[in-house]
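K.L.:
This structure is in structure tokens; I'll ask about it shortly.
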Amino acid sequence: MSQNATENLLQVKDLTKIFNIRQGLSTKHFTAVDRANFSIHADRPEILTIAGESGSGKTTIARMILGLEDPSAGAIYYKGRDVTKINKKERRSWFMREVQPIFQDPFATFSPLKRVDSYLYETARNYRMVKRDRVDAYIDEALHSVGLSLQEVKGRYPNELSGGQVQRISIARALLTKPSLLVADEPVSMLDASLRMSIVNLFMRLKEERGVSVIYITHDLATAYYAADRIAVMLRGWIVEAGPVEDVLARPLHPYTKILKESVPQADPDRKWEETATLATLETEEYLRAGCKFASRCPATMDVCKTTVPDNYAVAGRTVKCFLYDEKTVGAESVARHVQGEIPLMPAMT
């Protein structure tokens, strides 16, 4: 058991996922997640955002935590136990009860041929949360916590409800098991802008009122900054920067985090956005590249970056995977300058 595993609600330690990709007659090993490390505090509920562009490994991490993908290496400790090693019965009766998923597409969560309230009744009964004569009141209480009621949703099919309502119902269903942790994978990306903040606000309220922690997976830095306590920024399977969200997004240290932040248009009526704000498409070559995976796009690339994988350096209250913060490579003076933000920026990614 990890030394710190019992101190955290969840601890992900050196988590790795390798896929095999067939290319003609040969097979290449594709590391989708490469030794990821992060934790959720046990002593207080929090929202941890895992952010990054498409193909960075965010969803693969979520799937491994939920048991939908088997890790290739590493461990996932929940309340001090490595859940990659528990049996199916224990996973269902204990872990799946305490760690609940919220998926990206709310309409894919429910069959169009099945009334949404039937899922709520099944969950409450399967996990034996209350006696039969209290099921209605128990479900109604969960729905009220997300701004709905059993009267509103009973007997209705998913297509009779809005996307925001269906996503709220999926959150209410998750809350029926009284979880300690929600794993929300891009939960607002398919909703209208007007509905996104309502779901994000809901997560914040659940944290404060119910003591539920949330792993919030997103590419939307605006909602991440608004809702999260801490953030882990991913690039091609690596967590390249992690720490308090105010520090990481207000004063980013890793060149990639700086560029990711710069790619978000600012709400400034005096500025016109002349460029197309699109993130880089998935490049398999970056995953397979020796050295730093960001070296080909980084404005501060050094020779060592092209051949050697950087360590995770503890600096300014966070961890940064970049040689700019290695005193042996650049010297203490240069590290201090980089912490102060003296790193050249390249144009926003297009």
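Numbering of the sequence shown is given in the UniProt record's numbering, commencing with residue 1 and proceeding in unit increments.
Backbone N, C-alpha and C define an ideal beta-carbon position, used for all residues, glycine too.
(1) Considering only DSSP beta bridges, list what Ala314 is partnered with.
(2) Look up Leu68 in the DSSP assignment and give the residues it is bridged to.
(3) So, is Leu144 buried or exposed, given that buried needs 16 or more other C-beta atoms within 10 angstroms?
(4) Use the C-beta contact count for Ile217: other C-beta atoms within 10 angstroms, 16 or more gives buried, fewer gives exposed.
(5) Pop quiz: Gly57 and Met234 are said to be a contact at Cβ under 8 Å. What is the actual Cβ separation, rounded to whole angstroms?
(6) Which whole runs of the alpha helix (DSSP H) in the segment 213-264 are 4 residues long or more, in chain order?
(7) Kindly indicate which three-state DSSP category Val116 falls into: helix, strand or coil?
(8) Given a cut-off of 8 Å on the beta-carbon distance, is the pair Leu202 and Val146 in contact?
(9) Can you tell me the Cα-Cα spacing of His254 and Ala222, whole angstroms?
(10) Could you name the residues of the same chain whose beta carbon sits closer than 7 Å to that of Tyr225, not counting the 5 residues immediately before and after it, in chain order?
(11) Among the residues of its own chain, which have a CB less than 8 Å from the CB of Gly163, if the five just before and after it don't count?
(12) Please determine, among Asn159, Arg168, Arg63, the residue with the shortest C-alpha to C-alpha distance to Met96.
(13) Count the other CB atoms within 10 Å of the CB of Pro158; is the residue buried (16 or more) or exposed (fewer)?
(14) Assess contact between the segment 37-45 and the segment 108-117, defined as three or more Cβ pairs (one per stretch) separated by less than 8 Å. Is contact present?
(15) Please state whether DSSP places Tyr77 in a helix, a strand or coil.
(16) My understanding is that Leu181 touches Val99, with C-beta atoms under 8 Å, so please give their C-beta distance in whole angstroms.
(17) Going along the chain, which residues of its own chain have a beta-carbon closer than 7 Å to the beta-carbon of Pro71, five neighbours each way excluded?
(18) In the DSSP assignment, what residue or residues form a beta bridge with Pro158?
(19) Give a yes or no on whether the C-beta atoms belonging to Ala184 and Ile102 are separated by under 8 Å.
(20) May I ask you to verify whether the segment 204-216 touches the segment 42-52, counting CB pairs closer than 8 Å and requiring at least 3?
(21) Which word fits Ile76, buried or exposed, when buried means at least 16 other C-beta atoms lie within 10 angstroms of its C-beta?
(22) How many whole angstroms separate the CB atoms of Leu120 and Leu176, which I take to be in contact at a CB cut-off of 8 Å?
(23) Judging by CA-CA distance, which residue of Asn20, Tyr313, Met197 is the nearest neighbour of Thr28?
(24) Are Val315 and Cys292 touching if we call contact CB-CB under 8 Å?
(25) Which same chain residues, not among the five before or five after Asp136, have their C-beta less than 8 Å away from its C-beta?
(26) If you draw a straight line from the C-alpha of Gln11 to the C-alpha of Gly331, how long is it?
(27) Which partner residues of Asn20 appear in the DSSP bridge assignment?
(28) Which term fits Ser170, buried or exposed, when burial requires 16 or more other beta carbons within 10 angstroms of its beta carbon?
(29) Using three-state DSSP, classify Ile86 as helix, strand or coil.
(30) How is Leu176 classed by DSSP in three states: helix, strand or coil?
(31) If I'm right that Thr319 touches Ala228 with Cβ under 8 Å, what's the distance once you round it to whole angstroms?
(32) Could you check where the alpha helix (DSSP H) with Thr109 kicks off and where it finishes?
(33) What span of residues does the beta strand (DSSP E) with Val183 cover, start to end?
P.N.:
Taking the definition as stated:
(1) Thr319
(2) In DSSP, Leu68 forms no bridge with anything.
(3) The sequence shown places His at residue 144, rather than the Leu named in the question. Answer is exposed; the Cβ neighbour count stays below 16.
(4) buried
(5) 5 Å
(6) 221-227, 245-250, 255-262
(7) helix
(8) yes
(9) 18 Å
(10) Val245, Leu249
(11) Pro106, Phe107, Met190, Leu191, Asp192, Leu195
(12) Arg63
(13) buried
(14) no
(15) strand
(16) 5 Å
(17) Leu15, Thr16, Lys17, Met64, Thr84
(18) None, per the DSSP bridge assignment.
(19) yes
(20) yes
(21) buried
(22) 7 Å
(23) For clarity, residue 28 is Lys in the given sequence; the question names Thr instead. Closest option to Lys28, Cα to Cα, is Asn20.
(24) no
(25) Leu150
(26) 32 Å
(27) His29
(28) buried
(29) coil
(30) coil
(31) With a Cβ gap of about 16 Å, Thr319 and Ala228 do not count as contacting.
(32) 106-109
(33) 181-185
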